[in-house]
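Everything below concerns the one structure shown next.
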Amino acid sequence: MEKTNERIKVAVLDEMPEKIGRTVRIGSLEIALFKLADGNVRAIENRCPHKGGVLAEGIISGEHVFCPMHDWKICTTDGKVQSPDVGCVKTFAVKIEDGNVFILI
Ligand code: FES
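Its first residue numbered 1, the sequence shown is counted upward by one per residue in the UniProt record's numbering.
In structure tokens:
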């Protein structure tokens, strides 16, 4: 059986400051939402795979976020932890429509 993606409005694009993460809760899911300097929006699991740092509080540089706890560098596009550390966080598809930001889960 095919599972249909659910589309949930999580923000208004113009109200999102660049490079400042925000935490979005959808049921039991906790997602870190970022507007990058290039205007793209990324949504990733809000929990660092190292020791659970809150990624929405991390520093954004380009498409990467640096975990606020021990500075692991994580790609917000594919969720991969960058070398020399290893790991991965879940990423979520984002859709912008009429100035609204939706997450597909
Ligand atoms: S908890 Fe994220 S780097 Fe340690």
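Don't be surprised by glycine CBs; every beta carbon is placed ideally from N, CA and C.
Alpha carbon of residue i to alpha carbon of residue j, nearest angstrom
i    : j   : result
F66  : I74 : 6 Å
P84  : E18 : 27 Å
A93  : A43 : 7 Å
P49  : L13 : 28 Å
L104 : L33 : 13 Å
K9   : S61 : 25 Å
Q82  : E15 : 30 Å
Buried versus exposed call for residue i [16 or more other C-beta atoms within 10 Å across all chains shown]
i   : result
G39 : exposed
T76 : buried
Near the ligand FES: residue i beta-carbon under 8 Å from a heavy atom
i   : result
C67 : yes
C48 : yes
Simplified DSSP state of residue i, which is helix, strand or coil
i   : result
E15 : helix
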